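Peer 1: Handing you this structure, nothing more for now.
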Amino acid sequence: MNDIHISYRPNKIIFLFATLFFGLCCWGMSYAALTNDKGLILNGIITLSVQNATIFYWCFSALAAGFVVCGIVLLVLSFVSKNEIVISSDCLIAPKNSFSKKMITVNFKDINGVEIQAIQKTRILNIYHVDGRLSIADSMLPGKKHFEELVSILQSNVKSLKVAK
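So, in structure tokens, the structure goes:
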């Protein structure tokens, strides 16, 4: 069997739109803080004075700015990351986690179980082996078909393996 290489990096489009969204939130909250001349009532429960409402707006602006910085870092990582999953005849080589440069090798004979975990629309392949657990998110793969291919390769290479869904 020839080695199979599957790219494993963040989706650039998702990070781009998330960064733009939080950039707009940051701009909107900053504008609200700069032009604020009224108090703020939240759900009729919390009443804030003009000064406290301005602080509230600045805090949310700073929070959104933090998300923008994280988004930019993740966007850059999605372009420079060379992470990939390699499947050979006897083992699986993958990054330790989604953004790690450290690669771990899991021999097929060392796999104890596999589970597919669904969180909203994202599926995560959890591979339990003698040294712990390896998690592979389908959102980090180039397409959904690569996730299915990975699961079927594991099923065919690991004796008596049942995939829990």
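Numbering follows our numbering, in which position 55 of the sequence shown is assigned residue number 1102; successive positions increment by one, without gaps.
Here a beta-carbon is modelled for each residue, glycine too, at the ideal position from N, C-alpha and C.
None of these values were measured; they are calculated from a predicted model.
1. Report, in whole angstroms, the separation of the C-beta atoms of residue 1139 and residue 1153, which I expect to be a contact under 8 Å.
2. With three or more C-beta pairs closer than 8 Å as the rule, is the stretch 1100 to 1111 touching the stretch 1075 to 1091?
3. Per DSSP, what kind of secondary structure is residue 1175 in: helix, strand or coil?
4. Quick check for students: name the residue ranges of the beta strand (DSSP E) that lie wholly in the stretch 1111 to 1142, counting only runs of 3 or more.
5. What are the start and end residues of the alpha helix (DSSP H) that includes residue 1066?
6. By a C-beta neighbour count over all protein chains shown, 10 Å radius and 16 as the cutoff for buried, is residue 1178 buried or exposed?
7. Quick one: grab the DSSP three-state call for residue 1145.
8. Looking at residue 1159 and residue 1176, is the spacing between their C-beta atoms short of 8 Å?
9. With DSSP as the reference, label residue 1164 as helix, strand or coil.
10. Give the range of the alpha helix (DSSP H) segment to which residue 1203 is assigned.
11. Could you give the distance in angstroms between the alpha-carbon of residue 1060 and the alpha-carbon of residue 1118?
12. Residue range of the beta strand (DSSP E) that residue 1150 falls in?
13. How is residue 1051 classed by DSSP in three states: helix, strand or coil?
14. Which term fits residue 1066, buried or exposed, when burial requires 16 or more other beta carbons within 10 angstroms of its beta carbon?
15. From 1049, 1125, 1134, pick the residue whose C-alpha is nearest to that of residue 1194; which is it?
Peer 2: The short version:
1. 5 Å
2. yes
3. strand
4. 1131 to 1134, 1138 to 1142
5. 1059 to 1081
6. exposed
7. coil
8. yes
9. strand
10. 1191 to 1204
11. 11 Å
12. 1150 to 1154
13. strand
14. buried
15. 1134
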